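Engineer:
In our numbering, the protein residues as written are 152 to 303.
1. Over what stretch of residues does the beta strand (DSSP E) that includes residue 167 continue unbroken?
2. Within the same chain, show all residues whose beta-carbon is closer than 8 Å to that of residue 312, passing over the 5 residues directly before and after it, in chain order.
3. If you compare alpha carbons, which of 228, 218, 266 and 163 is closest to residue 234?
4. Please give me, in chain order, every unbroken run of the beta strand (DSSP E) with length at least 3 that falls completely inside the segment 230–292.
5. Between the alpha carbons of residue 253 and residue 243, how many angstroms are there, rounded?
6. Is it buried or exposed, residue 209, if we count other Cβ atoms within 10 angstroms and call 16 or more buried?
7. Give the range of the beta strand (DSSP E) segment to which residue 194 is assigned.
8. With DSSP run on the structure shown, which of helix, strand or coil describes residue 157?
9. Under a Cβ-count criterion, where at least 16 other Cβ atoms within 10 Å of its own Cβ denotes burial, should residue 187 be classed as buried or exposed?
10. Which word fits residue 280, buried or exposed, when buried means at least 16 other C-beta atoms lie within 10 angstroms of its C-beta?
11. How many Å lie between residue 178 and residue 231 at the Cα?
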């Protein structure tokens, strides 16, 4: 029985407007996958970037060192390659280059086969007034739910 791993980037939906979502595989070493299985990873400050060859990498993702690892342990903040179809990579690269959008990780999880996957999104940064509007909508929804609960 395997426990489900679901590491989320909670600030991403607040700071960015999500336009398109993709699920990508990650190239990992042995101690990295063991740390992820024990939920010792964070994608809060991470982002994705293309290199000169058109490959997509996740940068600033933290995977803590494996507790029982030895000399062959990994670096916690290493850049890690993301695996997508060539067609999806070309589309994302074109969007990032032409329109100035960014690619952010939303969720890190382990699928049914035991592979580490990452949900990434093509996103556009929100302005300050958009963030205030989001907070206002959330507060109004909370107040309405509270009022509905009192009438039941």
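Ideal Cβ placement from N, Cα and C applies to all residues, glycine included. A quick note: this is a predicted structure, and the numbers were derived from the prediction, not measured.
Structural biologist: Quick look at the numbers:
1. Locating residue 167 in the chain shown gives position 16, counting from the first residue. Note, residue 167: beta strand (DSSP E), 167–177.
2. This structure leaves residue 312 out entirely; the chain is present only between 152 and 303.
3. Numbered from its first residue, the chain shown carries residue 234 at position 83. Here the closest residue by C-alpha is 266.
4. 231–234, 253–261 and 267–276
5. On the chain shown, position 102 is the one that residue 253 refers to. On the chain shown, position 92 is the one that residue 243 refers to. Approximately 9 Å, taken between the alpha carbons.
6. What you label residue 209 is simply residue 58 of the chain shown in a count that begins at 1. It is buried - the Cβ of residue 209 has at least 16 other Cβ atoms within 10 Å.
7. Working through the chain shown from its first residue, we reach residue 194 at position 43. Taken as a continuous stretch (DSSP letters only), residue 194 belongs to no beta strand (DSSP E), as it is neither H nor E.
8. Locating residue 157 in the chain shown gives position 6, where the first residue counts as 1. If DSSP states are grouped into helix, strand and coil, residue 157 belongs with the strands.
9. Locating residue 187 in the chain shown gives position 36, counting from the first residue. Counting Cβ neighbours within 10 Å, residue 187 comes out buried, since at least 16 surround it.
10. On the chain shown, position 129 is the one that residue 280 refers to. That one is exposed.
11. Here residue 178 refers to the residue found at position 27 of the chain shown. Here residue 231 refers to the residue found at position 80 of the chain shown. Taking the straight line joining both Cα atoms gives about 6 Å.
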